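Going by this note's numbering, the sequence shown opens with residue 11, and the numbers climb by one from there. Data first, discussion second: the structure below is written as structure tokens.
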Amino acid sequence: MNPGRRRNLPAIAAVYLLVCFGFGGQVLLAQERIVVLERTVLDENFRLHSLEVDRTGALYFGSFEEIVKLQPDGRRVFRIGAEDHGLKRIADFRVTAGGELIVAGVAMDPQSSAVMTRVLVFDPEGKLRRSIEVGGVAAERVEPGERGEFFLLGLKSADSPGSSGVREAIYRLSSSGQVLAPIGETELNGAGRSLSRNDRRLVVTGRGIFLLDPASADVLVHRFSHDGQKLGAKSFMIVSTESQGERAMRGGEPAAVTLDFFSSLGSDTFVFARAAMGDKWQQRAVGQGQQQAKALYRPFSYTIYVASWDGPVRSIPAQNVGLLRAVGRDGFLYFVKSVTMAGKTRTEVVKASLK
């Protein structure tokens, strides 16, 4: 029996509305739509996992303990466990354009018991090809470069006598494992905005290295060249700005707003996702007839934003597709939601494009 159920949805012609809102020196254009291409209900529950998708459409679900690769129809290909490779936890993972799986995890140096990062490279069949170790650094994020190198965002204890904080930096690793000079090194003091595990923060494209600043009140992205030169920063007014349509989706209630996702759609285009949940609980009826009951819920809205470094920000409401969890190597957006069928909670993967 096929472990995943798939439904192909026909393309639907739409009339697009162009609505412009001026704010913060930028123009917000609401003209695109999310077009659902396919829905796949898996026979597993990956609610707490991150997602990567390769060029063939294969799905990679990862948590702190494991990474599971599935065929597009839901059949398992392999499972990689953190403990099997001497990792205390998996910090991040990515799939390269060539189909290799890059895993960055936190381990303990057996000689000194100090924290270290281990970067593992697997082929598409799940066989370990390379292992790179970076001493004294705790991995947060990893990104493959276009020339076989890796970019590792990690934390390291501050060395200066007057400092008691932790330093964060991007470390460039050559394909042979050589650690080059850190990029964008800053000292963290524990302040800043709480970020989702699915918020990548680090994006590497042909135009450079882009790092999301967690201490910014809104969305501030720093840009570096591939060799570490600071090229500037840009603020995208996303978290602090809300349209009337988004407020209407929650009945006008004030909301707690968070940035839920950040990635790239190409060399110079980025995609963000923002979640807004109402502050007050409300009631709604569920079921029918004698089975009807009252359920508590908090109004919720979810919006996708597409922006270029030098251009406008475009707002796209996302309804009934779940939460954005990956921009696949095949160029499509992948949303994830939990569904309950026959008393069992499963994961539904929604493949979509922007039109």
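Each residue gets a CB set at the ideal place from its N, CA and C atoms; glycine is no exception. Note that the structure is a prediction, hence the values are computed from the model and not measured.
Helix, strand or coil at Glu93 according to DSSP, with G and I counted as helix: In this structure, Glu93 counts as helix in the three-state DSSP scheme.
Residues sharing a beta bridge with Thr415, DSSP: Residue 415 lies beyond the residue range present for the chain, which begins at 11 and ends at 365; the question has no answer from this structure.
Cβ-Cβ distance between Val316 and Ala286 below 8 Å: Cβ distance not < 8 Å, so Val316 and Ala286 don't count as in contact.
With 16 other Cβ atoms within 10 Å as the buried cut-off, status of Gln283: This sequence places Ala at residue 283; Gln is not what is there. It is buried - the Cβ of Ala283 has at least 16 other Cβ atoms within 10 Å.
In DSSP terms, what His236 is bridged to: According to the DSSP secondary-structure assignment, His236 is paired through a beta bridge with no residue.
One or two residues paired with Pro154 in a DSSP bridge: Bridge partners of Pro154 according to DSSP: Phe160.
Which residues DSSP lists as bridging Lys244, in chain order: DSSP lists Val231 as partners of Lys244.
Strand pairing of Ser60, partner residues [DSSP]: Gly72, per the DSSP bridge assignment.
CB of Val359 within 8 Å of CB of Leu69, strictly: For Val359 and Leu69, yes; Cβs fall inside 8 Å.
Outcome for Gly35 when other beta-carbon atoms lying within 10 angstroms are tallied against a minimum of 16: Only weak support exists for where Gly35 lies, its pLDDT of 35 falling under 50; the value from the coordinates is given anyway. By the Cβ-count criterion, Gly35 is exposed, with fewer than 16 other Cβ atoms from all chains shown falling within 10 Å of its own Cβ.
Alpha-carbon to alpha-carbon, Ala352 and Ser277: The straight-line gap separating the alpha-carbon atoms of Ser277 and Ala352 is approximately 44 Å.
First and last residue of the uninterrupted beta strand (DSSP E) at Ala114: Leu111 to Met118 is the span of the beta strand (DSSP E), which, as asked, contains Ala114.
Phe342 in three-state terms, based on DSSP: Correct three-state label for Phe342: coil.
Simplified DSSP assignment, three categories, for Gly353: The answer is coil: DSSP assigns Gly353 none of H, G, I, E or B.
Residue burial classification, Val346 (beta-carbon count within 10 angstroms, cutoff 16): When all chains shown are included, Val346 counts as buried.
Residues that DSSP places opposite Ala149 in a beta bridge: In the DSSP output, where bridge partners are listed per residue, Ala149 has Gly164.
Inter-stretch contact (C-beta, 8 Å, three-pair minimum) for the region 48-65 and the region 103-121: Contact check between the region 48-65 and the region 103-121: three or more CB pairs, one atom from each, fall below 8 Å, which counts as touching.
Assigned secondary structure, Arg335 (DSSP; H/G/I helix, E/B strand, else coil): DSSP places Arg335 in strand when its eight states are reduced to three.
Beta carbon of Glu153 nearer than 8 Å to that of Val213: Between Glu153 and Val213, the C-beta spacing is below 8 Å.
Those residues which DSSP pairs with Leu212 across a bridge: Leu212 is bridged to Leu221.
Enclosing beta strand (DSSP E) for Ser325 [first to last residue]: Here the beta strand (DSSP E) through Ser325 covers Val323 to Pro327.
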